[in-house]
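Enquirer:
Residue numbers (the UniProt record's numbering): 1 to 252.
(1) So, helix, strand or coil for residue 1, using DSSP?
(2) Does the Cβ-Cβ distance between residue 130 and residue 102 come in under 8 Å?
(3) Out of 218, 192, 34 and 30, state which residue places its alpha-carbon closest to the alpha-carbon of residue 119.
(4) Sorry if obvious, but does the Cβ on residue 82 come closer than 7 Å to a heavy atom of the ligand ZN?
(5) Comparing C-alpha positions only, which one of 78, 68 and 74 sits nearest to residue 57?
(6) Does the segment 17-28 come close enough to the segment 51-70 to have 3 or more Cβ pairs within less than 8 Å?
(7) Just to confirm my understanding: we take residue 121, look at its own chain, exclude 5 residues before and 5 after, and list those with CB closer than 8 Å. What are they?
(8) Near residue 250, which residues of its chain fall below 7 Å by C-beta distance, leaving aside the five closest residues on each side in sequence?
(9) Can you tell me the Cα-Cα spacing of residue 209 and residue 132, whole angstroms?
(10) With DSSP as the reference, please indicate the residues paired to residue 153 in a beta bridge.
(11) Please list the terminal residues of the continuous beta strand (DSSP E) segment that includes residue 190.
(12) Could you tell me if residue 39 is buried or exposed, where buried requires 16 or more neighbouring beta carbons within 10 angstroms of its beta carbon?
(13) At which residues does the alpha helix (DSSP H) containing residue 49 begin and terminate?
(14) Compare the Cα-Cα distances from residue 240 to each of 59, 41, 127 and 152 and report the closest residue.
(15) Run the CB neighbour count on residue 229, radius 10 Å, all protein chains shown included, and call it buried at 16 or more, exposed below.
(16) Grouping DSSP H, G and I as helix and E and B as strand, with all else coil, what is residue 124?
(17) Rounded C-beta distance between residue 253 and residue 145? I'm assuming under 8 Å.
(18) Quick one, which of 95, 80, 114 and 117 has its alpha-carbon nearest residue 104's?
(19) Taking all protein chains shown into account, do 16 or more other C-beta atoms lie within 10 angstroms of the C-beta of residue 84, making it buried, or fewer, making it exposed?
(20) Residue 205 to residue 26, Cα distance in whole Å?
(21) What whole-angstrom Cβ distance do residue 246 and residue 195 have, given they're in contact under 8 Å?
(22) Taking the straight line between their C-alpha atoms, what separation do you get for residue 7 and residue 166?
(23) Runs of 4 residues minimum, wholly inside the segment 203-244: which ones carry the alpha helix (DSSP H) assignment?
(24) Can you tell me whether residue 99 is helix, strand or coil according to DSSP?
(25) Measuring alpha carbon to alpha carbon, tell me which residue in 109, 203, 75 and 243 is nearest residue 222.
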């Protein structure tokens, strides 16, 4: 998809997000919990994919928790945390969980921190502003699971393109963020740690996603997928498939 078209389509989605957020009083319910969403933070569209993704990641995280002994802690990292839906829900699932979260947008970090306090897990949920992993509180740590709901668009947008805060939840220009995520993740994973990302080959580039994964020594495993419908102004306009993908280290 060429840059101009990609930006225009993302602007349409951004407009719809702002509209839905306003209609819902800037509150979003997922995993049976209510979260506040700040104005410049990603508000999930009403296409069903967010609930599918959130429930799948939450299930995977709680399965990892169940494998641990009663005394053992589990460290979870959410990249691009937005309002903190997943990280906070994981922290709430067990007192054994220590959750870190990063986001490149200041407002998202403040939003996630506020939601953690709202749900009473501020002592076990730590959000920092960072470009993927780049923060002193993240450097040197090892995690049982790392997850990113990666912006699907951006492969046709140049890295020089200026992207506004909310648009960052939709576009990763030149897939620079994805490259950083997959090139550095091994440094932050425990020996049996799991690396997860969500993606859609409809909105994103399957070819480029596969190339970046392969170049960085990862094999792609689709854990689950769901067919969804994108709506604009109440009209169904596009069918797409959302996927939860696990990256498996290539040991060849």
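All C-beta atoms, glycine included, are put in the ideal place defined by N, C-alpha and C.
Expert: Reading it off the structure:
(1) Residue placement at residue 1 is poorly supported in this model, since its pLDDT is 49, which falls under 50; the coordinates still yield a value, given next. Residue 1 falls in the coil class under three-state DSSP.
(2) yes
(3) 34
(4) The ligand ZN is not part of the structure shown, which contains no ligands of any sort.
(5) 78
(6) no
(7) 88, 91, 92 and 99
(8) 217, 218 and 219
(9) 17 Å
(10) 171
(11) 189-199
(12) exposed
(13) 49-67
(14) 152
(15) exposed
(16) coil
(17) One cannot answer for residue 253 here, as it falls past the ends of the chain, which runs 1 to 252.
(18) 80
(19) buried
(20) 31 Å
(21) 7 Å
(22) 13 Å
(23) 206-215
(24) strand
(25) 243
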